[in-house]
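Each remark here refers to the structure printed beneath this line.
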Amino acid sequence: DIFAMPSRSRLAGLEVEGLGIVYLEASACGLPVLGGNSGGAPDAVLQGQTGFSVDGTSISEVASGVINLLSDSNLAEHLGANGRRWIVDEWRWEIWSTKFISLFR
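Heads up: the sequence shown begins at 63 in this note's numbering, then just goes up one per residue.
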């Protein structure tokens, strides 16, 4: 019903989540996302629009985010729909392949 992966930085910030493709995949499936605010993960979660980024080291923030999404089905549905629309509008291969090709020209 939701996708939650509250990533966190390790090794004094030297080991972090990259872009976080799994967050984008969850959004593509129409799921609201709860991610950690570490590394590139927040770039893959639009705060308050497709889900929430929280401090992955804070049990209370993670729990609060999960409870919020699971207890408010209207919010979860809204965030999931926004995420799906965002992926379709901004992250399709057709869009990015054109951007990559233009870089090589």
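For every residue, glycine included, the Cβ atom is placed at its ideal position computed from N, Cα and C.
(request) Rank L137, S120, E152 by C-alpha distance to the C-alpha of L93 and give the top, closest one. (result) Here the closest residue by C-alpha is L137.
(request) Please go through the same chain and pick out, in chain order, the residues whose beta-carbon is closer than 6 Å to the beta-carbon of T119, but skip the five residues on each side of it. (result) Beyond the five residues adjoining it in sequence on each side, T119 comes within less than 6 Å, by CB distance, of R70 in the same chain, given in chain order.
(message) Within 8 Å, do at least three Cβ pairs link the segment 142-158 to the segment 82-99?
(response) Contact between the segment 82-99 and the segment 142-158 is present: three or more C-beta pairs spanning the two stretches fall below 8 Å.
(request) With distances taken Cα to Cα, identify the nearest neighbour of I64 among I121, L81, A143, G80. (result) Residue A143 is the option with its Cα nearest to I64.
(request) Reducing DSSP to helix, strand and coil, say where L96 ends up. (result) In this structure, L96 counts as strand in the three-state DSSP scheme.
(message) So, with DSSP's three-state summary, where would you put S120?
(response) Coil at S120, not helix or strand.
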